[in-house]
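Number of protein chains: 2
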Amino acid sequence: MTDSIQTWAEKVLAGDRRAIARAISAVECGDSLGTELLKRLFSASGKAQVIGVTGSPGTGKSTLVEKLAGAYRAAGARVGIVAVDPTSPFSGGALLGDRIRMQSLASDKEIYIRSMATRGHLGGLAPTTHDVVAILDAAGCDVVLIETVGVGQDEVEVARLADATVLLLVPGMGDDVQTFKAGVMEIADLYVLNKTDLPGADLLAQEVEAMLSTASSRGDGWRPPIVKAIATTGWGLGEVKQALEQFRCFQEQSSGKEKRRRVYWRSRLLELLRQNLFEKVARERLGDDSLEKYVEDLLQHRVDPYSLVGRIVADSLGAGD
Amino acid sequence: MTDSIQTWAEKVLAGDRRAIARAISAVECGDSLGTELLKRLFSASGKAQVIGVTGSPGTGKSTLVEKLAGAYRAAGARVGIVAVDPTSPFSGGALLGDRIRMQSLASDKEIYIRSMATRGHLGGLAPTTHDVVAILDAAGCDVVLIETVGVGQDEVEVARLADATVLLLVPGMGDDVQTFKAGVMEIADLYVLNKTDLPGADLLAQEVEAMLSTASSRGDGWRPPIVKAIATTGWGLGEVKQALEQFRCFQEQSSGKEKRRRVYWRSRLLELLRQNLFEKVARERLGDDSLEKYVEDLLQHRVDPYSLVGRIVADSLGAGD
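Protein chains in written order, with my numbering: chain A, 5 to 325; chain B, 5 to 325.
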């Protein structure tokens with residue numbers, strides 16, 4: 005650390021790649037310097053268009069993100085990419101962490117790419133993704149693309165963080181319809197049917213059309229478009245970008261963007277409060293010995309968990325109880 | 005409410021079905037009576053064998069649970085079943101909630117079946133599943149079977165709650181291997197290859213064998229068996245039950261059960277503390293007006309979320325800060 009926090013923040017704001025990399029690392033390590041930095045960067049954030057790209061494994065998310073980033077770059081935008089990698093919640097090892105991602109973009113200095121591990125966080129989105137996006141946003145990225153591991157319900161968390169959510173589908177994945185039912189369909193602002201050179205593309209398009217036509221209409225009046233693409237060749241990518249632009253205009257005209265960010269901030273504020281309260285109380289009241297003693301009491305059924313937790317909470321919050 | 009809490013608790017402990025149903029409903033509603041009841045039931049819980057059954061949609065979890073419950077009943081055990089249904093996190097509607105489940109068991113008074121919705125809880129397990137299992141346990145169930153929606157990472161939460169976890173696999177589901185990688189394979193104490201009359205059963209068995217033989221061995225020294233079954237016909241069910249019994253004996257002899265429950269209680273205690281602290285502070289400090297004012301401040305970038313939350317936490321925990 006040779007820079008003061010203030011100098012460091014200024015370098016991030018100026019788009020200095022090394023300062024950005026160090027900022028993200030500090031945030032990922034849960035370093036208190038990271039938090040200090042985020043406080044200084046916050047007022048400069050909120051300008052980027054944040055686009056979430058989600059879909060089951062094998063639908064081509066990385067490729068779409070890579071090509072989309074290239075298209076935004078070609079239009080003069082500065083682009084940040086956050087790829088959230090699957091991690092085993094037990095072993096803690098990142099599966100894809102060391103692969104070299106998105107080769108075609110590696111030499112472009114106006115694109116910032118960061119891979120993150122999920123570290124067993126149940127939502128799938130790495131807990132610090134919010135902060136990494138805020139850093140890239142403050143550092144001047146016009147567009148931030150978030151690629152998430154498309155397993156289960158993390159799509160919902162992406163949808164909260166992103167201004168627009170793209171759901172990738174490919175023909176012939178039989179279990180998709182069941183995944184949709186778990187709520188994934190409801191979060192998509194844009195459907196990209198990828199790999200439409202595979203058999204079953206028309207059937208898939210019909211199924212999604214049918215599902216959208218029977219779905220209750222969205223509160224905001226937007227009807228999510230369905231775009232066919234073959235991301236590996238770039239076919240259809242122009243239409244994907246155009247549809248995203250249309251949605252952005254729609255959002256800005258209908259104040260949908262503000263509404264969505266309001267929902268996001270409410271949820272983010274409550275989550276941070278939950279987290280910070282807990283961490284402070286755990287640090288102050290659950291030194292290693294006390295925690296093990298409590299666990300032993302529960303294991304032996306000497307005290308029930310509700311009475312025990314009630315007592316710890318009352319002690320922590322003090323007489324104001 | 006005609007009974008006192010004490011009378012109600014005694015009826016639950018005596019296995020009274022109406023009292024059990026009312027207890028579970030109270031817990032599901034987040035009723036404070038539910039918590040009072042749980043405090044009284046806790047000392048009688050901890051005796052049941054809790055078995056989690058998980059797997060992707062379409063692997064036959066319901067059928068396996070139904071047949072397994074029948075087999076335990078035939079051996080004289082009292083059985084509780086908790087089926088956790090998928091719910092859309094946005095619409096809140098339970099998809100399978102109203103279907104009539106497990107018809108063959110409906111008339112057996114020694115089997116208690118309860119369907120629950122996940123209500124958007126990210127782990128997939130309904131937040132109150134822990135408490136429902138505790139009620140069935142205290143009410144005298146010898147075995148409690150938990151069937152979970154097999155999407156994403158909720159399997160991990162089941163594995164923490166259960167004494168034994170059964171993972172169902174079926175031949176020909178191409179995406180399974182990728183799901184495994186996300187950590188699901190590591191939580192299984194027993195693999196059941198279901199629908200082995202379908203093509204690809206031998207290949208699947210070989211793949212799982214191969215994966216287990218290359219996996220680093222478990223800390224407890226147990227090598228998860230692989231059992232073939234056709235749950236719809238009951239074929240192989242005896243072997244499944246036998247393997248579960250073997251695992252139970254192994255766990256009891258190796259004190260693995262106690263170790264697992266210690267891990268469970270540590271995680272449960274911390275989760276309850278996190279939850280209760282937050283609820284109390286939110287109630288006392290975030291009356292509707294304050295919350296909306298804070299959200300507005302964040303939306304306008306007048307204050308950064310870390311400084312804001314730091315202030316609320318400091319105010320809540322008082323001068324002991």
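From the three backbone atoms N, C-alpha and C, an ideal C-beta is built for every residue, glycine too.
With a 10 Å radius around the Cβ and a threshold of 16 neighbouring Cβ atoms, T11 of chain B comes out exposed. Counting other Cβ atoms within 10 Å of its Cβ, C253 of chain A stays below 16 and is therefore classed as exposed. Taking C-beta separations shorter than 6 Å and ignoring five residues to either side along the sequence, the partners of G84 of chain B in its chain run Y116, L140, C145, V148, following chain order. With fewer than 16 other beta carbons inside 10 angstroms of its own, G176 of chain A counts as exposed. With contacts defined by Cβ atoms closer than 8 Å, T169 of chain B and G62 of chain B do not form a contacting pair. In the displayed model, Q304 of chain B falls within coil according to three-state DSSP, outside both helix and strand. For Q53 of chain A, DSSP records a beta bridge to A:V147.
At the C-beta level, G238 of chain A and K43 of chain A stay beyond 8 Å of one another. Residue A:A78 holds the alpha-carbon nearest to the alpha-carbon of L109 of chain A among A:A143, A:E40, A:A78, A:S258. Taking a 10 Å sphere around the C-beta of H134 of chain A, we find 16 or more other C-beta atoms and assign the residue as buried. For L248 of chain B, the secondary structure class from DSSP, reduced to helix, strand or coil, is helix.
Assigned with DSSP and collapsed to three states, A168 of chain A falls in strand.
Taking a cut-off of 8 Å for Cβ pairs, the stretch 275 to 286 of chain B and the stretch 241 to 253 of chain B do not touch, as fewer than three such pairs fall below it.
For the pair L171 of chain A and E211 of chain A, the Cα-to-Cα distance works out to about 15 Å. DSSP, read as helix, strand or coil, puts T58 of chain B in strand.
In this structure, DSSP gives W269 of chain A a helical state, which the three-state scheme calls helix. Contact of N280 of chain B with chain A by beta-carbon distance below 9 Å involves Y310, V313, G314, I316, V317.
A direct Cα-Cα distance of roughly 15 Å separates K113 of chain A from K15 of chain A. Within the stretch 16 to 44 of chain B, the residues whose Cβ lies closer than 9 Å to any Cβ of chain A are, in chain order, T39, E40, L42, K43, R44. Excluding five sequence positions before and after D201 of chain A, the CB atoms of its chain that fall closer than 6 Å to its own CB belong to I234, given in chain order. Against chain A, the beta carbon of G56 of chain B has no neighbour under 8 Å; the closest one sits roughly 15 Å away.
Here K65 of chain B is buried: its Cβ has 16 or more other Cβ atoms, across all protein chains shown, within 10 Å.
In terms of Cβ geometry, A166 of chain A and V54 of chain A form a close pair [threshold 8 Å]. For G50 of chain A, the chain B residues whose Cβ falls inside 8 Å of its Cβ are H305, in order along the chain.
Put simply, the CB of V299 of chain A is near chain B, with a gap under 8 Å to one of its CB atoms. In the three-state DSSP reduction, R22 of chain A falls in the helix class (H, G or I). Looking at B:V136, B:E300, B:S49, the one whose alpha-carbon comes closest to that of V267 of chain A is B:E300. Apart from the 5 residues on each side of it in sequence, V231 of chain B sits with its Cβ closer than 8 Å to the Cβ of L194, Y195, V196, L197, G240, E243, V244, A247 in its chain, given in chain order. Interface criterion not met: the Cβ of F251 of chain B is under 8 Å from no Cβ in chain A. Rounded to the nearest whole angstrom, the C-alpha separation of L173 of chain A and P203 of chain A is 13 Å.
Secondary structure of A138 of chain B (DSSP, three-state): helix. Between R265 of chain A and L303 of chain B a beta carbon distance of about 6 Å is seen, short of the 8 Å cut, so the two are scored as contacting.
Interface annotation, W226 of chain A: not in contact with chain B, CB-CB separation never under 8 Å. Among the residues facing chain A, S47 of chain B is included, as its CB has a counterpart in that chain under 8 Å away. Distances from the CA of E151 of chain A to each of A:G225, A:D20, A:T67, A:R82 were compared; the closest alpha carbon is that of A:T67.
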